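Worksheet: the structure to be examined is printed underneath.
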Amino acid sequence: MRWLRYLNQWRGTAKEALEQVSIVAKFLCLIHVTDRYIISSTHVQGPSMLPTLNLTGDVILAEHLSHRFGKIGLGDIVLVRSPTDPTRMVTKRILGLEGHRLSFSADPLVGDGSVSVVVPKGHVWIQGDNLYASTDSRNFGPVPYSLIEGKALLRVWPPRFFGSLR
Amino acid sequence: MGIQTLIWQVTKKAFTGGIIGLTISDRFCSVVPVRGDSMFPTFNPQRDSYLDDYVLVDKFCLKDYKFARGDVVVFSSPTHYRERYIKRIVGMPGEWISSTEDVIRVPEGHCWVEGDNKASSLDSRTFGPIPLGLIGGRVTRVVWPPQRLSKIGG
Numbered sequence: 001m002r003w004l005r006y007l008n009q010w011r012g013t014a015k016e017a018l019e020q021v022s023i024v025a026k027f028l029c030l031i032h033v034t035d036r037y038i039i040s041s042t043h044v045q046g047p048s049m050l051p052t053l054n055l056t057g058d059v060i061l062a063e064h065l066s067h068r069f070g071k072i073g074l075g076d077i078v079l080v081r082s083p084t085d086p087t088r089m090v091t092k093r094i095l096g097l098e099g100h101r102l103s104f105s106a107d108p109l110v111g112d113g114s115v116s117v118v119v120p121k122g123h124v125w126i127q128g129d130n131l132y133a134s135t136d137s138r139n140f141g142p143v144p145y146s147l148i149e150g151k152a153l154l155r156v157w158p159p160r161f162f163g164s165l166r
Numbered sequence: 001m002g003i004q005t006l007i008w009q010v011t012k013k014a015f016t017g018g019i020i021g022l023t024i025s026d027r028f029c030s031v032v033p034v035r036g037d038s039m040f041p042t043f044n045p046q047r048d049s050y051l052d053d054y055v056l057v058d059k060f061c062l063k064d065y066k067f068a069r070g071d072v073v074v075f076s077s078p079t080h081y082r083e084r085y086i087k088r089i090v091g092m093p094g095e096w097i098s099s100t101e102d103v104i105r106v107p108e109g110h111c112w113v114e115g116d117n118k119a120s121s122l123d124s125r126t127f128g129p130i131p132l133g134l135i136g137g138r139v140t141r142v143v144w145p146p147q148r149l150s151k152i153g154g
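The listed protein sequences correspond, in order, to chains A and W. Residue numbers for the first sequence follow full-length UniProt numbering, so the first one is 1 and each next one is one higher. Residue numbers for the second sequence follow full-length UniProt numbering, so the first one is 1 and each next one is one higher.
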C-alpha cells in the first residue's frame with residue numbers, strides 16, 4: 001500500500017514538472033518568434049560599412065517586419081544572407097532596387113573602368129559604405145530580394161554611438 | 001463578465017498555439033502542398049488538382065545548409081520574392097551543368113535546381129543558379145494522400 005502513496009506523490013511532482021517545462025517551452029517559442037519575425041539584436045563587425053558602423057564591432061537592433069511587406073527602400077541598411085556563404089549574414093546598404101540602372105567602378109583603387117548594370121526583377125543591389133574594403137554586389141552581383149532578412153533600426157552598443165543609423 | 005474571460009482564454013490559447021506552431025514549423029518540419037506538375041512523376045502524378053500531394057519539409061538542414069545533389073528542396077523564387085517553388089538540386093557549388101549551348105559552373109554558395117518534369121518546369125534553366133540561402137527546407141516525405149505515403153530518397 002505504501003508504494004501506491006509514493007506513486008501518487010510522484011504523479012503530483014511529475015505534473016508540476018511538466019507544467020514548468022511547458023512554461024519554459026512556450027517562452028522559448030516566444031523568443032524564437034520575436035527574434036525571427038519582429039526584432040532582434042545582431043553583432044556586426046568588419047570594415048565594409050565604415051564609417052557608418054565601427055570596425056571593431058557594434059550591436060544593432062534589426063527589425064524583421066519591413067522586408068515581409070516589401071517596405072525596403074533605397075539607402076536602407078539591411079541584414080542579408082550572403083549569396084556566397086549561406087551560413088553567414090552580411091550587413092550592407094541598398095543602393096539599387098529592381099529596374100534601377102547603376103554604374104559603379106569595377107576597381108575603386110584604379111579609378112576608371114566604369115560598369116553599368118540594370119538590377120533585374122526581384123533583386124536588389126547592396127554595397128558596403130566602405131568601397132575599398134567591401135565584398136558586395138560589385139563582386140557577386142545583385143542579390144534576390146528574398147535573401148534580405150532584416151533592416152537595421154538603431155545601434156545600441158557601444159553606448160557613445162547609441163542612436164539611429166544614417 | 002463570463003464571456004469576456006472566455007474570449008480572453010480562447011485568445012490566449014490561440015496565441016500560444018500559434019507561436020508554438022510557428023516555432024515548430026520554422027525549426028523542425030512543416031507540411032506544404034505541391035502545386036503544378038513540374039515535379040511529375042515524383043509529385044502530383046495524377047492530373048486532377050484536388051488530389052495535390054502534401055509533403056513534409058524538414059528544417060534541420062537549415063542549420064548548416066548541408067545539401068546534396070538529388071535533394072528535393074523548397075526555395076523562394078529569385079524573381080518573385082513571395083512565391084516558393086519545389087524543385088530538385090541537380091548541381092552543387094563547383095559542379096558543371098550542361099545547358100543547351102554551353103557548360104555552366106555553379107558558383108560558390110549557389111545550387112542548380114531543376115524540376116523532374118523537364119518539359120513543364122520553371123527552374124534554373126530559366127533563372128540560373130540560386131543562392132543556397134533561398135532554400136527553405138528539404139522535402140523528406142509525401143504525407144497526403146494516404147496511398148502515396150512515401151519517403152523521398154536521395
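For each residue, glycine too, the CB sits at the ideal point set by N, CA and C. Computed from a prediction, not measured in an experiment: that's the story for all the values here.
I'd like to confirm the pairing. Which residues does DSSP put opposite residue i in its beta bridges?
i, result
"Val32 of chain W", "W:Val55"
"Asp58 of chain A", "A:Val44"
"Ala133 of chain A", "Its beta-bridge partners do not exist; DSSP assigns none."
"Val139 of chain W", "W:Val57"
"Gln20 of chain A", "DSSP output for Gln20 of chain A lists no bridge partner at all."
"Tyr85 of chain W", "W:Phe75"
"Val118 of chain A", "A:Arg101"
"Ile39 of chain A", "A:Glu63"
"Glu114 of chain W", "W:Arg88"
"Thr91 of chain A", "A:Leu79"
"Ile126 of chain A", "A:Ile94"
"Arg105 of chain W", "W:Trp96"
"Gly163 of chain A", "A:Arg155"
"Trp8 of chain W", "DSSP, once it has assigned bridges, lists no residue as partnering Trp8 of chain W."
"Trp3 of chain A", "According to DSSP, Trp3 of chain A bridges with nothing at all."
Which same chain residues, not among the five before or five after residue i, have their C-beta less than 6 Å away from its C-beta?
i, result
"His100 of chain A", "Val119"
"Lys151 of chain W", "Arg141"
"Gly150 of chain A", "Ala62, His64, Leu79"
"Gly154 of chain W", "Any reading at Gly154 of chain W needs caution, since the residue's pLDDT is 45, under 50, leaving its predicted position unreliable; the model's value is listed next. Cβ neighbours of Gly154 of chain W beyond the five flanking positions: Gly70."
"Asp76 of chain A", "Ile94, Lys151"
"Asn54 of chain A", "none"
"Arg2 of chain A", "none"
Can you check whether the C-beta of residue i is within less than 7 Å of a C-beta belonging to chain D?
i, result
"Ser38 of chain W", "Annotation note: the requested chain D is absent from the structure, which comprises protein chains A and W."
If you reduce the DSSP assignment to three classes, tell me which class residue i lands in.
i, result
"Lys13 of chain W", "helix"
"Met39 of chain W", "coil"
"Leu132 of chain W", "helix"
"Gly91 of chain W", "strand"
"Pro144 of chain A", "strand"
"Thr84 of chain A", "coil"
"Val33 of chain A", "helix"
"Phe104 of chain A", "strand"
"Ile152 of chain W", "coil"
"Thr100 of chain W", "coil"
"Lys151 of chain A", "strand"
"His80 of chain W", "coil"
"Ser121 of chain W", "coil"
Enumerate in chain order the residues of its own chain whose CB-to-CB distance from residue i is below 8 Å, with the five nearest sequence positions on each side excluded.
i, result
"Trp157 of chain A", "Asp58, Val59"
"Leu149 of chain W", "Arg141, Val142, Val143"
"Gly137 of chain W", "Cys29, Ser30, Val57, Asp58, Lys59, Cys61, Leu62, Val73, Val74"
So, under 8 Å CB-CB, residue i and residue j are touching, yes? Tell me the CB distance rounded to an integer number of Å.
i, j, result
"Pro144 of chain A", "Tyr65 of chain W", "Pro144 of chain A to Tyr65 of chain W, Cβ: 16 Å. No contact."
"Ser146 of chain A", "Ser76 of chain W", "4 Å"
"Gln127 of chain A", "Arg93 of chain A", "6 Å"
"Ile86 of chain W", "Val139 of chain W", "6 Å"
"Gly163 of chain A", "Leu154 of chain A", "6 Å"
"His67 of chain A", "Ile148 of chain A", "5 Å"
"Ser121 of chain W", "Ser38 of chain W", "4 Å"
"Val90 of chain A", "Ser103 of chain A", "That belief does not hold up - the Cβ atoms of Val90 of chain A and Ser103 of chain A are roughly 22 Å apart, past 8 Å."
Using C-beta distances below 7 Å, list every residue in its chain close to residue i, excluding the 5 sequence neighbours before and after it, in chain order.
i, result
"Pro78 of chain W", "Phe127, Ile130, Leu134"
"Ala133 of chain A", "Pro47, Ser48"
"Gly96 of chain A", "Leu102, Val119, Val124, Trp125"
Specify whether the segment 39-53 of chain W and the segment 113-120 of chain W touch according to this definition: at least 3 beta carbon pairs, one from each stretch, less than 8 Å apart.
Yes: the two stretches touch, three or more of their Cβ pairs being nearer than 8 Å.
If we count Cβ pairs, one from each stretch, closer than 8 Å, do we get three or more for the segment 56-64 of chain A versus the segment 93-112 of chain W?
With the cut-off at 8 Å, the segment 56-64 of chain A and the segment 93-112 of chain W do not touch.
Take every Cβ of the segment 7-23 of chain A, pair it with every Cβ of the segment 37-46 of chain A, and state whether three or more of those distances are shorter than 8 Å.
Segment contact: the segment 7-23 of chain A against the segment 37-46 of chain A, fewer than three CB-CB distances shorter than 8 Å; contact not assigned.
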